[in-house]
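J.:
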Amino acid sequence: MILHTTVPQELIFPADQSEYAQQKVVEWQGIPLLVEQSQQQYRVLRVMSSDPADYLNEQVCPGQYLQM
Numbered sequence: 001m002i003l004h005t006t007v008p009q010e011l012i013f014p015a016d017q018s019e020y021a022q023q024k025v026v027e028w029q030g031i032p033l034l035v036e037q038s039q040q041q042y043r044v045l046r047v048m049s050s051d052p053a054d055y056l057n058e059q060v061c062p063g064q065y066l067q068m
């Protein structure tokens with residue numbers, strides 16, 4: 001089935017809320033990050049900073065693991 005619409009896919013097919021249960025916003029070395037907690041570490045999902053230099057920091061690229 002093909003669905004042609006201008007409505008965002010997230011509104012038509014909402015994600016299950018359990019996917020967001022492990023996510024939270026933390027600040028790491030002054031950089032706000034959206035992370036997913038697993039065991040004793042956090043996996044970076046998104047950089048939430050407004051500073052463009054923070055996006056060039058390889059330590060906080062999405063997919064990296066941080067020890068807290």
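So that you can map any letter, position 48 of the sequence shown is 48 in the numbering used here, and since no number is skipped, the others follow by simple counting. Beta carbons: idealized from backbone N, C-alpha and C, even for Gly.
Would you call the CB atoms of V35 and C61 closer than 8 angstroms?
T.: Cβ distance not < 8 angstroms, so V35 and C61 don't count as in contact.
J.: For V47, count the other beta carbons within 10 Å of its own beta carbon; 16 or more makes it buried, fewer makes it exposed. Which is it?
T.: It counts as buried.
J.: If we ignore side chains and look at the alpha-carbon of each, how far apart do Q37 and E27 end up?
T.: Distance between the alpha carbons of Q37 and E27 is about 14 angstroms.
J.: Just to confirm before moving on: does the CB-CB distance between M71 and Y42 stay below 8 angstroms?
T.: This structure leaves residue 71 out entirely; the chain is present only between 1 and 68.
J.: CA-CA distance, D51 and G63?
T.: Roughly 19 angstroms between the two C-alpha positions.
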